[in-house]
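In full-length UniProt numbering, the protein residues as written are 1 to 134.
Presented below is the structure to which this report refers.
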């Protein structure tokens with residue numbers, strides 16, 4: 001069911017500084033910042049040869065990233081995203097095995113324009129997991 005690692009998401013308190021580290025210090029290709037108002041974040045993607053890094057910066061007062069940064073002021077890994085072929089089939093299989101899907105359980109359109117769901121970190125060794133349909 002699980003496919004390749006699509007990205008590692010990192011919450012950052014200073015988006016410009018984070019972009020500078022990846023672009024200027026490490027020499028990576030970095031996208032433009034894109035506001036994702038439905039998710040309460042601004043995203044920047046760092047392209048790597050084998051996956052991507054998603055830099056997450058709070059957008060709006062109710063941003064889940066703002067809450068994360070309140071607890072982790074320096075930022076840090078927020079979630080891992082894995083690809084799945086069929087998000088509904090993956091959701092149903094995971095739920096049948098007792099895994100908890102966050103929100104209303106229905107996929108939302110993510111930063112790549114594809115359906116995504118988030119899975120409860122307590123079911124995945126303390127790691128928030130996102131699944132994205134390819």
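Don't be surprised by glycine CBs; every beta carbon is placed ideally from N, CA and C.
Query                                                                                                 : Result
N-terminal and C-terminal residue of the beta strand (DSSP E) that residue 46 is part of              : 41-47
Collapsed DSSP secondary structure at residue 94 in the structure displayed                           : helix
Exposure label - residue 65; buried when at least 16 CB within 10 Å                                   : buried
Per-residue burial, residue 106 [other beta carbons within 10 Å of its own, 16 or more giving buried] : exposed
Given 8 angstroms, three or more beta-carbon pairs between the region 76-87 and the region 125-133    : yes
Local Cβ density within 10 Å of residue 6, reported as buried at 16 or more and exposed below that    : buried
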